[in-house]
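In order, the protein sequence lines correspond to chains H and Y. If you use the working numbering, the first sequence corresponds to residues 150 to 363, in order. If you use the working numbering, the second sequence corresponds to residues 884 to 1147, in order.
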Amino acid sequence: MDRPDTLEIRDVTVRLNGQTILQDFSLGLEAGRKALLTGPSGCGKSTVLRCLLGFVVPQAGSIHIAGQTLTAESVWKLRRRIAYVGQEPDLGAGIVRGILERPFHYHANTALRGNLARVPELFDAFGLARGLLDKEVGDLSGGEKQRVALVSALLLDRDIFLLDEVTSALDPASKRKVIECFRLRTEATILFVAHDAESYPFADLIVEMQGGAA
Amino acid sequence: MNQVVEIGAGHLAAAYLLLAFPLAIMLWYRIPMIGETVVSVVRMTLQLIFVGLYLQVVFRLNNLWLNAAWLLVMVTVADISIVRSCSLKLSRIALPLSGALLAGTAVPLMLFVGLILRRDNLLDAQYAIPIGGMILGNCLRADIVGVRTFYESIRTGEKAFLQSLAQGALLHEATRPYAQKACQAALAPTVASMTTIGLVSLPGMMTGVILGGASPAIAIKYQIAIMISIFSGTAITLAMGLWLTSKTSFTPYGPLDRSIFRTA
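Structure below.
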C-alpha cells in the first residue's frame, strides 16, 4: 500500500509583482522519500520551498504537510516539523555557539535542548573545526556558514528537510560529506533544490522545472 | 526669588538679530540652507504665536474636556509625524501607534500631576499641558528612532528573520532581537542625557521653573520627576508601539508585510 504523502503541493499558482512564478504546479512526496527540484535559475525552485514554509502564499492551489492543509493557523505548528536551509544562509550576528543555541530558546524547541550535545559529532561529520564554535559568524567563509546552517537544521530533529542549494559554496569533498549525511537519513522526507542532478543519484523523484511548471 | 521678566515685542525682535550669525555662516560656507532656515524660523514664530494665543484661552477656561482635547490633538500630530518620519503608511500604523502614544503620555502624566504634584484635577491646564507636551515630545523622538529601527532592521535582515520562523519561532520570538535593538537605540539618548544632566547643560524644565521665579532647590525636584516621567513614558510608548503595530504589520503567516512601507 502507498504511504500517505508527507508533502503535497496541489495546482499551486504564485504571482509576484505581476509575474507568474509558479503555474498550476503539483508535487507529492511520500514520507521518507527524497526529491530533487532542478532547473534554470529563476524557474521557481526556491519559491516552492518558500510556499511550503508559508513565506509565500499562493494565489491558487493548496499545500498539505503530513495530511494537514497549510493555513495561517496551521503553519505555526507545521513549521515545527520542517528544517529549512536557504541559499546563502544569513545566520544573524554573534558567535557560532550562540547561533546554534538560539533556536532552543524558542518555545517549540526547548525540549530538544539536549541535542546540542551532538554538535561536536556533527562538526566532525561536516569537516568543521570545533574551534569555529567561538568564532564570530561574520568571520566565517561562505562554505563554513552553509555547513553551520546545516548543523543547526539537523540539531532540530525534524522529519522534513527543505534544502535550497546548500552545497553551492562547498568544495567537492565537503559536498560529498553533506549529501551522504542526508542520504543516510532514511526516515526523513527531503526536498533538495540543486542544479547538478548527478550528485543526487539516490533521489526517488527528480522534478525538472521550466518556467514555473514541472 | 524674582518673578518672571516680561519680554516686550521690541525686545523679542532683538532676539532675531542673533540669526545673523547662523545666516552669515551659511553664506560664508555657501550652505544651501538659507531658504529652508528662514521658512523654519517663520513657521516657528507663527506656530508659537498661534499656540500661545490658543493656550491663553485654554488656561483661562481650564476646562477638563478642552484640556483633554488639546492633549489628543498633540498626540495626533505626534502620531502622524512619527509614521511619516518612518516612511510607513498612515492607514496601517497610525491607529495602533496612537494608542501607544496615548498610554505612554497619559500614565506618567497622571502620576506626575496626581501623585507628585498632588493636584485634584489631573488635567489642570497649567500642569497637564506643559508636562504632557514634554513627555509626548520625548515619546515622539524615541518612537521615530525605535519604530524605524525595528521595521528597517527586519526588512534589511529578512533572511535571518525568516530563518527564525522556519526554526519554529513564534512571531514574538522571531521579532525579539529586532525589538531589543530598537529599544536600545531609542532609549539610549534618554539614558545618556540622565547621566550628564546638570553637568553639560541646565535642562528645559529646570530652566523654566527657575525663570518662573522658583528656587533651584524646587527646580531640581521638578527636573528629577520629569526625567523619570519622560523615561517611563518613552519606554511604555515604545514597547506598546512595537507590540500594537506588529498586529497589523506582519502577514498571518509571519513574514513582514512590505505593504506597510510607503516606498518599496
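By construction, the Cβ of each residue, glycine as well, lies at the ideal position given by its N, Cα and C atoms.
Flagged as an interface residue toward chain H: Gly-1040 of chain Y, by a C-beta distance shorter than 9 Å.
Straight through space, the alpha carbons of Val-356 of chain H and Glu-222 of chain H are spaced by roughly 29 Å.
Within chain H, no C-beta atom comes less than 9 Å from the C-beta of Ala-1062 of chain Y; the nearest is roughly 14 Å away. If the five residues before and after Leu-947 of chain Y are omitted, its C-beta is found closer than 6 Å to the C-beta atoms of Leu-1006, all from its own chain and listed in chain order. When C-beta distances to chain Y are compared with 7 Å, the residues of the region 241-274 of chain H below that value are Gly-241, Pro-252, Tyr-255, His-256, Ala-257, Asn-258, in chain order. Using beta-carbon distances, Thr-1032 of chain Y does not count as an interface residue toward chain H, since no partner is under 9 Å. Residues of the same chain with a CB within less than 6 Å of the CB of Leu-954 of chain Y, apart from the 5 flanking positions on each side, are Gly-1015 in chain order. Judged by DSSP secondary structure, Ser-1115 of chain Y falls within the alpha helix (DSSP H) whose first and last residues are 1099-1132. For the C-beta of Gln-886 of chain Y, not a single chain H residue is nearer than 7 Å; the gap to the nearest is close to 57 Å. By the rule that beta-carbons nearer than 9 Å mark a contact, Ala-221 of chain H touches chain Y. Contact check for Cys-192 of chain H against Gln-359 of chain H passes: the beta carbons are separated by less than 9 Å.
Contacts with chain H at 9 Å (Cβ-Cβ) include Thr-1134 of chain Y.
One alpha carbon belongs to Val-327 of chain H, the other to Ala-977 of chain Y, and they sit about 49 Å apart. Taking 9 Å as the cut-off, the beta carbon of Ala-961 of chain Y is found no closer than this to the beta carbon of Ile-1119 of chain Y.
Here DSSP, grouped into helix, strand and coil, assigns Arg-307 of chain H to coil. In terms of Cβ geometry, Val-286 of chain H and Leu-312 of chain H do not form a close pair [threshold 9 Å]. Not a single C-beta of chain H is nearer than 9 Å to the C-beta of Gly-1087 of chain Y. Under the Cβ distance rule, Glu-919 of chain Y does not count among the residues neighbouring chain H, no pair being separated by less than 9 Å. The three-state secondary structure of Val-205 of chain H, taken from DSSP, is coil. Shortest Cα-Cα distance from Ser-323 of chain H to any of H:Arg-164, H:Leu-201, H:Leu-271, H:Val-197 involves H:Leu-271. When beta bridges are read from the DSSP output, Asp-273 of chain H appears opposite no residue. Of the candidates Y:Gly-1091, Y:Met-1088, Y:Asn-1021, the residue whose Cα lies closest to the Cα of Pro-1072 of chain Y is Y:Asn-1021. Using beta-carbon distances, Pro-1138 of chain Y counts as an interface residue toward chain H, with a partner under 9 Å.
At a Cβ-Cβ threshold of 9 Å, Met-1017 of chain Y and Ile-890 of chain Y do not count as neighbours. If you check the CB distance, Cys-969 of chain Y and Val-922 of chain Y do not come in under 9 Å.
By the rule that beta-carbons nearer than 9 Å mark a contact, Glu-1056 of chain Y touches chain H.
Straight through space, the alpha carbons of Ser-1132 of chain Y and Pro-991 of chain Y are spaced by roughly 28 Å.
Note on Ile-917 of chain Y: under 16 other CB atoms within 10 angstroms of its CB, so exposed under the neighbour-count rule. Within the region 200-230 of chain H, those residues whose Cβ lies closer than 7 Å to any Cβ of chain Y are, in chain order, Leu-202, Gly-203, Phe-204, Val-206, Ala-221, Val-224, Trp-225, Arg-228, Arg-229. Proximity of Ala-1043 of chain Y to chain H, defined by a Cβ-Cβ separation below 9 Å, is satisfied. Interface criterion met: the Cβ of Gly-1051 of chain Y is under 9 Å from a Cβ in chain H. By the neighbour-count criterion, in which 16 or more other beta carbons inside 10 Å mark a residue as buried, Glu-919 of chain Y falls on the exposed side. Put simply, of Y:Ala-897, Y:His-894, Y:Ile-1109 the residue whose alpha carbon is nearest the alpha carbon of Pro-1013 of chain Y is Y:Ile-1109. Among the residues facing chain Y, Glu-336 of chain H is not included, as its CB has no counterpart in that chain under 9 Å away. When C-beta atoms of the region 932-947 of chain Y are compared with those of the region 991-1003 of chain Y, fewer than three pairs fall below 8 Å, so the two segments do not count as touching. For Gly-918 of chain Y, the enclosing alpha helix (DSSP H) stretches over residues 917-944.
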